[in-house]
Amino acid sequence: MLRYGRAENLPHLLHKERRWLALAATGGGMLEPWQHNFLKGFARILSNKSLDPVGRGDGRFTQAQINALWLREGVAEFPAAPLFGFYHTYEPHAPYHDARFAEGLPRGRVAVPFNEGNYLAGGQKALTADYSAEEQAFIGALYDGDVAASDAALDELLRLPGGGSLLDRGWLIVTSDHGEEFWDHGGMSHGHSLYEELLHVPLLIVPPGGLETGVRIAEPVSLLDLFPTACELAGLAPPPNLLGRSLKPLLSPDAEARAKVQLPAPPGLFVHCATYHGPTRWAIRRGNWKYILSLDVETWKKDEANRRMLRLEPEELYDLALDPREEKNLIAEKECAEVRKQLADALALLRATVLKPLELSPDRQAVQPPPLDPALLEQLKKLGY
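The working numbering applies: residue 1 is where the sequence shown begins, and numbers increase by one.
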């Protein structure tokens with residue numbers, strides 16, 4: 001994200017500056033080629049919209065496997081070319097269908113595949129709070145199965161035809177756009193809260209050839225840091241005015257060198273939740289402290305179902321070191337008043353000076369996406385959007 005204006009995306013920048021080849025395999029949906037200028041610069045794109053348990057007519061391959069095999073074959077076709085590959089799948093997303101960990105568990109009313117739209121066997125609907133403990137465990141096991149399927153597909157992607165691994169050719173970055181709630185705070189799915197089960201996503205960065213032992217970086221970082229990081233790993237200077245910081249200094253194999261690294265201090269890790277259910281929410285984190293601001297909660301409290309499924313407090317403050325599950329809201333504690341003020345002021349400043357001008361900049365207003373085609377609308381509906 002830019003402080004102002006627009007930047008070229010990474011594949012286009014790599015092609016323009018270094019003549020790299022860029023390939024992308026996506027699950028469609030929010031990552032259609034025409035959306036958000038996201039896929040500009042890719043020479044080849046597979047947009048695989050299949051959300052069925054198997055994505056090919058012969059019933060052998062899932063969507064994640066199809067995308068992995070397609071991208072792997074494309075990489076193998078250009079063994080000596082500098083290359084940027086983007087691999088995306090909706091496989092861990094609802095509908096959950098992989099029952100490898102659910103075998104033998106009582107399923108109650110849960111249908112398979114299970115959609116986070118809360119459809120049960122027989123077409124019934126239920127509130128997220130209505131599932132029994134056994135049904136919740138069964139749904140969680142289906143999700144774990146989908147995660148395992150995605151992991152296996154990634155393994156297939158890394159195994160090059162004829163032997164060898166993609167890890168021998170370059171850097172690997174693995175991450176996710178969000179997590180999933182399974183009744184941690186009374187609800188399930190995503191897009192309704194800003195708790196850690198949704199925000200604390202994996203980020204793995206593997207150098208060429210891999211690592212003998214992994215290194216865990218304790219400092220919280222942001223997905224905004226990935227663009228400048230990838231630029232530097234590819235030998236490019238990041239575009240100016242990015243909000244993110246390059247994490248390359250933290251990737252040194254030398255522990256002493258890493259210990260001396262001091263990244264530029266961000267104004268705070270922040271997020272805006274454009275919810276599809278629940279009030280608009282903002283959050284900011286500094287160190288172990290996290291502050292959440294929710295707008296217009298009184299309107300949402302009027303509905304009983306919302307009161308049962310959503311946390312509806314206008315302000316929340318958590319010490320993640322002492323309370324990593326965010327169970328004790330400290331907003332009313334007198335000894336936390338100064339921390340609350342600092343974080344609330346920092347969030348207000350971010351919204352006023354960084355994000356609001358971005359929302360209103362003329363070039364953003366001028367770009368109107370084309371209307372969604374009926375097939376894409378149906379896919380997004382199946383995904384719960």
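Note that beta-carbon positions come from the ideal geometry of N, C-alpha and C, so glycine has one too. All figures in this text were calculated on a predicted structure; none of them were measured in a lab.
Mind checking who residue i pairs with in its DSSP beta bridge?
| i | result |
| --- | --- |
| R44 | L23 |
| H192 | Answer is none; H192 lacks a bridge partner. |
| S165 | R159 |
| A283 | V271 and I292 |
| F138 | Note: F138 sits in no beta bridge, so no partner. |
| E181 | S189 |
| Y96 | F114 |
Anyone know if the C-beta pair for residue i and residue j falls short of 7 Å?
| i | j | result |
| --- | --- | --- |
| S150 | A64 | yes |
| I292 | A346 | no |
| T26 | H93 | no |
| P279 | V297 | yes |
| P249 | V261 | yes |
| G108 | S132 | yes |
| V110 | E134 | no |
| V221 | W289 | no |
| P228 | L242 | yes |
| R307 | K301 | yes |
| T128 | G74 | no |
Report all residues from its chain with a CB closer than 8 Å to the CB of residue i; omit the five preceding and five following residues, and keep chain order.
| i | result |
| --- | --- |
| P264 | R245 |
| V201 | T175, S176, D177, H178, G179 and L223 |
| T299 | P279 |
| F138 | A102, L105, P106, R107, G108 and V110 |
| E17 | L236 |
| L167 | L158, V206, P208, G209 and G210 |
| A344 | Y291, L293 and E315 |
| G140 | F182 |
Along the chain, where does the beta strand (DSSP E) containing residue i start, and where does it finish?
| i | result |
| --- | --- |
| D319 | E315 to D319 |
| G85 | L83 to Y87 |
| V174 | L172 to T175 |
Take residue i and list the residues in its own chain whose beta-carbon comes closer than 7 Å to its own, dropping the five residues that flank it on each side.
| i | result |
| --- | --- |
| W20 | L14, P82, L83 and F84 |
| G41 | N9, P11, H12, H15 and A22 |
| L71 | L23, A25, G85, Y87 and L157 |
| L295 | P279 and T280 |
| R56 | Only weak support is given to the placement of R56: the predicted model assigns it a pLDDT of 41, under 50, and the value that follows is read from those uncertain coordinates. Taken in chain order, the residues that qualify are I66. |
| R258 | L250 and S252 |
| H277 | G191 and H192 |
Which two residues bound the contiguous alpha helix (DSSP H) that contains residue i?
| i | result |
| --- | --- |
| L203 | No alpha helix (DSSP H) holds L203; the beta strand (DSSP E) holding it covers L203 to V206. |
| Q65 | Q63 to E77 |
| V339 | A337 to L350 |
| N306 | E304 to M309 |
| T299 | V297 to K301 |
| E17 | L10 to R18 |
| F227 | L226 to L233 |
| A259 | A255 to A259 |
Between which residues of its own chain and residue i is the CB-CB distance below 6 Å, once the five residues before and five after are set aside?
| i | result |
| --- | --- |
| E333 | none |
| I217 | L250 |
| I173 | I205 |
| A366 | Residue confidence for A366 is low, a pLDDT of 35 falling below 50, so the modelled location carries little weight; the figure read from the coordinates is stated next. Excluding positions up to five away in sequence, the list is empty. |
| P79 | none |
| D184 | E197 |
| G287 | none |
| N329 | E316 |
| M1 | With a pLDDT of 47 at M1, under the threshold of 50, the modelled position of that residue is not reliable, and the figure given next carries that caveat. Excluding residues within five positions, the ones whose Cβ falls inside 6 Å are L224 and L243. |
| L46 | A25 and W70 |
| E77 | none |
Does chain B have any CB closer than 7 Å to the CB of residue i?
| i | result |
| --- | --- |
| Y143 | In the structure shown, chain B cannot be found, because there is only a single protein chain. |
Do three or more CB pairs link the region 141–161 to the region 99–112 at distances below 8 Å?
yes
Check whether the region 180–197 touches the region 230–237, taking contact to mean three or more Cβ pairs, one atom from each stretch, closer than 8 Å.
no
Per the contact definition of three or more C-beta pairs closer than 8 Å, is the region 153–160 in contact with the region 203–212?
no
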